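Note that the protein sequences, when read in sequence, are chains L and C.
Letter by letter, the first sequence follows residues 1 to 127 of our numbering.
Letter by letter, the second sequence follows residues 128 to 514 of our numbering.
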Amino acid sequence: MTDQLSELPVADIASEPYWEAARNGSLLLKHCDDCDETHYYPRPICPFCMSSNTSWIEASGSGLIYSWSVERRAPEPYAIAFVSLPEGPTILTAIVNADLDTLAIGQSVTLGFETRDDQPVPVFSPA
Amino acid sequence: MSIKGTAFIVGIYEHPTRKAVGISLPQIHAEVAKGALDDAGLSLSDVDAYFCAGDAPGLGGLSMVDYLGLDVKHVDATETGGSSYIVHVNHAAQAIAAGKCRVALITLAGKPRTGGAAPGRGAMAVVPPDSAFEAPFKPSVLNIYAMCAQRHMYEYGTTSEQLAWIKVAASHHAQHNPHAMLRNVVTVEDVVNSPLVADPLHRLDCCIISDGGGALVVVAPEVATSLKRPKVRVLGAGESIKHMRGGKVDLTYSAGVKSAADAFDEAQVARSDIKYVSVYDSFTITVLMQLEDIGFCEKGKGGAFVADGNLISGTGKLPFNTDGGGLCSNHPGNRGGMTKVIEAVRQLRGEAHAAVQVPNCDLALAHGTGGFLGTRHGSATVIMERV
């Protein structure tokens with residue numbers, strides 16, 4: 001039995017720049033040039049004002065853990081987290097290369113990339 | 128238009144099975160449909176509307192309407208996970224109020240123990256747009272709800288012991304339910320000493336996985352009057368979706384804030400008038416946050432509110448889930464909304480187990496949150512009164 005949402009990442013036309021940047025080690029967010037909000041996950045149409053006038057911005061790579069949990073039942077326990085970025089959005093991600101027993105809300109973390117399901121995805125490690 | 132007083136729940140049925148060996152999924156749908164219609168004193172030919180969610184096999188309601196042999200002029204397959212059936216009560220009342228139907232049948236069935244879908248895995252014909260940005264991190268029902276608990280503890284000082292009281296209360300009720308999967312009364316120590324499954328949630332903070340099903344019959348006032356069954360009137364309902372808001376994530380509240388506010392506005396009753404609540408208990412944290420969001424206590428004070436047996440019928444101020452709920456009795460198809468309405472109707476009819484029946488229970492509320500509390504979920508609230 002599995003209760004994981006294990007669909008393969010799908011790179012559609014709208015998000016291709018995101019995946020291309022990820023392959024080069026940078027995390028892209030979407031910024032709306034009309035309402036000035038930055039959103040994630042990236043969409044061609046702003047979820048705050050429905051403007052199509054959106055552009056890609058690069059995340060600085062720093063973040064703070066907003067919440068976290070460790071899936072203890074998994075064959076290899078793993079940490080999942082919401083990380084708040086200084087650019088605005090709080091994103092769902094993983095905490096890796098960390099002591100899973102010392103994670104804390106408010107902890108500083110730094111961006112890295114891991115290949116999962118044949119795609120580079122943004123993950124974070126203790127700063 | 129308001130639905131206040133325009134619809135009555137006249138039929139309920141909960142399937143007794145918790146492990147449906149040798150019974151197919153559509154067969155469970157049919158058995159609960161017959162059970163609820165028998166309970167109401169109605170028959171197949173009386174039904175003119177059918178409601179189901181993602182647990183129903185086939186395209187929307189098409190296959191089940193065929194399988195059951197229904198002839199309907201109104202269908203609704205709204206899917207909000209485990210809260211769907213509370214949404215369906217709202218939609219059925221709306222359709223009845225609009226004159227679109229008179230007798231609405233709502234069914235649920237699930238077989239996660241004997242070959243069905245695992246928790247959190249609904250049928251998704253098309254991969255959702257969020258999947259590529261979330262699935263690689265292996266979100267599960269466990270860790271997504273757990274992150275809400277983690278944040279609640281951080282913001283408000285909520286403790287594992289306070290969460291444990293929710294399971295303790297459920298177990299006190301389940302001991303009287305002969306169909307409950309877990310009938311042993313547990314203590315706070317039992318819960319916090321059970322294995323950590325997803326920090327900070329322990330094994331006993333989690334609902335059970337069971338087969339089963341249930342059905343409801345919602346009818347127009349003139350139909351209710353013609354029947355010999357106790358009348359339970361829908362006074363108000365609300366529903367809402369909450370999601371990740373483009374990255375403005377806030378795990379401290381649910382869509383229940385909106386669904387409950389709308390339900391109370393429509394019903395025009397006070398929180399303090401509610402004698403009994405059914406609250407979807409996928410996890411202990413789900414109950415705690417929903418009680419806050421419904422407004423039974425201040426945001427952040429849920430821990431103190433649920434502690435010391437306050438949810439136990441006969442001793443506490445707000446008896447909840449007197450059948451043992453999803454934490455102890457059953458969780459058909461990993462969807463808890465149906466049984467929440469059923470037990471609330473039992474309480475209003477005076478048909479709950481004598482040991483847990485709330486005296487003079489004339490006003491009850493059923494509330495659920497389906498999907499993933501920390502990412503995207505649907506909440507629904509329905510307020511009912513005994514007439």
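Glycine included, C-beta positions come from ideal geometry on N, C-alpha and C.
Bear in mind the structure is a predicted one, so any value in this text is a computation, not a measurement.
Cross-chain neighbours of residue i in chain C, by beta carbon under 7 angstroms
i, result
"residue 117(L)", "263"
"residue 48(L)", "373"
"residue 102(L)", "By Cβ distance, chain C contributes nothing, its closest Cβ being about 11 angstroms from residue 102(L), past 7 angstroms."
"residue 28(L)", "Correct list: empty, because the minimum Cβ distance to chain C is about 11 angstroms."
"residue 121(L)", "263"
"residue 88(L)", "374"
Buried/exposed call for residue i, threshold 16 Cβ in 10 Å
i, result
"residue 363(C)", "buried"
"residue 111(L)", "buried"
"residue 20(L)", "exposed"
"residue 3(L)", "Reliability of the predicted coordinates at residue 3(L) is poor, the pLDDT of 42 falling under 50, and no value is obtained from them."
"residue 419(C)", "buried"
"residue 316(C)", "exposed"
"residue 23(L)", "exposed"
"residue 176(C)", "buried"
"residue 255(C)", "exposed"
"residue 174(L)", "Given a span of 1 to 127 for chain L in the structure shown, any question on residue 174(L) remains unanswerable."
"residue 200(C)", "exposed"
"residue 106(L)", "exposed"
Residues bridged to residue i [DSSP beta-bridge criterion]
i, result
"residue 512(C)", "360(C) and 490(C)"
"residue 216(C)", "Per DSSP, none; premise fails for residue 216(C)."
"residue 221(C)", "None; residue 221(C) has no bridge partner."
"residue 130(L)", "Because chain L spans 1 through 127 in this model, residue 130(L) falls outside it and cannot be assessed."
"residue 333(C)", "410(C)"
"residue 343(C)", "139(C) and 233(C)"
"residue 503(C)", "499(C)"
"residue 92(L)", "82(L)"
"residue 131(L)", "What is shown of chain L runs 1 to 127, which leaves residue 131(L) out entirely."
"residue 319(C)", "Bridge partners of residue 319(C): none, in fact."
"residue 261(C)", "Partner(s): none; residue 261(C) has no beta bridge."
Interface partners of residue i on chain L, CB under 8 angstroms
i, result
"residue 274(C)", "67, 68, 69, 80, 81 and 82"
"residue 257(C)", "41"
"residue 378(C)", "66, 67 and 82"
Residue i Cβ short of 7 angstroms to the ligand PLP heavy atom set
i, result
"residue 358(C)", "Here there are no bound small molecules, and the ligand PLP is not part of this structure."
Neighbour list for residue i in chain C, Cβ cutoff strictly below 9 angstroms
i, result
"residue 61(L)", "Here the premise fails: no neighbours, minimum Cβ distance about 16 angstroms."
"residue 31(L)", "Under the 9 angstroms cutoff, chain C gives no residues; its nearest Cβ is about 11 angstroms from residue 31(L)."
"residue 15(L)", "256, 259 and 260"
"residue 98(L)", "Those within 9 angstroms of residue 98(L) in chain C number zero; the least Cβ separation is about 13 angstroms."
Proximal residues of chain C, C-beta to C-beta of residue i below 8 angstroms
i, result
"residue 72(L)", "322, 323, 324, 325 and 326"
Where residue i meets chain L, residues with beta-carbon distance less than 7 angstroms
i, result
"residue 270(C)", "69, 71 and 80"
"residue 281(C)", "105"
"residue 310(C)", "Near residue 310(C) there are no residues of chain L at all, since even the closest Cβ is about 24 angstroms away, more than 7 angstroms."
Beta-carbon neighbours of residue i, restricted to chain L and to distances below 9 angstroms
i, result
"residue 496(C)", "Ordered by position in chain L, no residue passes the 9 angstroms Cβ test against residue 496(C), which lies about 17 angstroms from the chain."
"residue 502(C)", "92"
Closer than 8 angstroms at the beta carbon, the chain D residues around residue i
i, result
"residue 37(L)", "Of the protein chains in this structure, namely L and C, none is chain D."
Problem set entry | Within the stretch 351 to 429 of chain C, ranges of the alpha helix (DSSP H) (whole runs, at least 4 residues) | 383 to 394 and 411 to 421
Problem set entry | Three CB pairs or more closer than 8 angstroms across the stretch 452 to 462 of chain C and the stretch 330 to 345 of chain C | yes
For this session: Report yes or no: do the stretch 139 to 152 of chain C and the stretch 465 to 479 of chain C share at least 3 C-beta pairs separated by less than 8 angstroms?
Result: yes
Exercise. Is the stretch 257 to 267 of chain C close to the stretch 437 to 452 of chain C, with three or more CB pairs under 8 angstroms?
Worked result: no
Exercise. Taking only runs of the beta strand (DSSP E) that begin and end inside the stretch 265 to 317 of chain C, which ones reach a length of at least 3 residues, in chain order?
Worked result: none
Problem set entry | Contact the stretch 416 to 436 of chain C vs the stretch 400 to 408 of chain C: 3+ CB pairs below 8 angstroms | Between the stretch 416 to 436 of chain C and the stretch 400 to 408 of chain C, the count of C-beta pairs closer than 8 angstroms reaches three or more; the two stretches touch.
For this session: May I have a chain-ordered list of the beta strand (DSSP E) segments no shorter than 3 residues that lie completely inside the stretch 152 to 190 of chain C?
Result: 176 to 178
Problem set entry | contact_flag[the stretch 341 to 351 of chain C, the stretch 159 to 167 of chain C] where n(CB pairs < 8 angstroms) is 3 or more | yes
Exercise. For the 8 angstroms Cβ check, are there 3 or more pairs between the stretch 213 to 229 of chain C and the stretch 493 to 511 of chain C?
Worked result: yes
For this session: Count the CB pairs spanning the stretch 306 to 313 of chain C and the stretch 385 to 392 of chain C that are closer than 8 angstroms, and state whether there are at least three.
Result: The stretch 306 to 313 of chain C vs the stretch 385 to 392 of chain C: no contact.
For this session: Pair every Cβ in the stretch 286 to 293 of chain C with every Cβ in the stretch 98 to 114 of chain L, then say whether three or more of these pairs are closer than 8 angstroms.
Result: no
Exercise. Can at least three beta-carbon pairs, one atom from the stretch 27 to 43 of chain L and one from the stretch 65 to 78 of chain L, be found at a separation below 8 angstroms?
Worked result: no
For this session: Evaluate the contact criterion for the stretch 45 to 57 of chain L versus the stretch 144 to 157 of chain C: three or more CB pairs, one atom per stretch, below 8 angstroms.
Result: A contact between stretches requires three or more CB pairs, one per stretch, nearer than 8 angstroms, and the stretch 45 to 57 of chain L fails this requirement with the stretch 144 to 157 of chain C.
Exercise. Can at least three beta-carbon pairs, one atom from the stretch 88 to 101 of chain L and one from the stretch 115 to 126 of chain L, be found at a separation below 8 angstroms?
Worked result: yes
Exercise. Are the stretch 350 to 367 of chain C and the stretch 316 to 327 of chain C touching, with three or more C-beta to C-beta distances below 8 angstroms?
Worked result: no
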